[in-house]
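Each remark here refers to the structure printed beneath this line.
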Amino acid sequence: MKSGIHPDYHEIKVVMTDGAEFTTRSTWGREGGTMTLEIDPKSHPAWTGGNQRLVDTGGQVARFSKRFAGLSLD
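Counting from 25, one number per residue, gives the positions in the sequence shown under the numbering used here.
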């Protein structure tokens, strides 16, 4: 590897949304810095299966279906 072109790789502390902490190595911030997460796997709906809704606001699906009903990929 070339010297002088790579970022500094050091230890930082990560604080999750529930207050849990762990230490990891990263190029983020400075040595001994603290990264506080606003969204993490314990709180984000993509991982927790939170309230997911499919809402057809204003008939968007119906309008799409009507507009492209004649198209076919034959």
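By construction, the Cβ of each residue, glycine as well, lies at the ideal position given by its N, Cα and C atoms.
- Query: Which whole runs of the alpha helix (DSSP H) in the segment 44 to 91 are 4 residues long or more, in chain order?
  - Reply: Listed in chain order, they are 69 to 72, 84 to 91.
- Task: Would you mind working out which of A70, T58, W52 sits nearest F46, comparing C-alpha positions?
- Result: Ranking A70, T58, W52 by Cα distance to F46 puts T58 first.
- Own chain partners of P31 with C-beta closer than 6 Å, once the 5 adjacent residues on each side are dropped: T51.
- Go to H30, then tell me how far its beta strand (DSSP E) extends in each direction, as first and last residue. That residue, H30, is in no beta strand (DSSP E); it is neither H nor E in DSSP.
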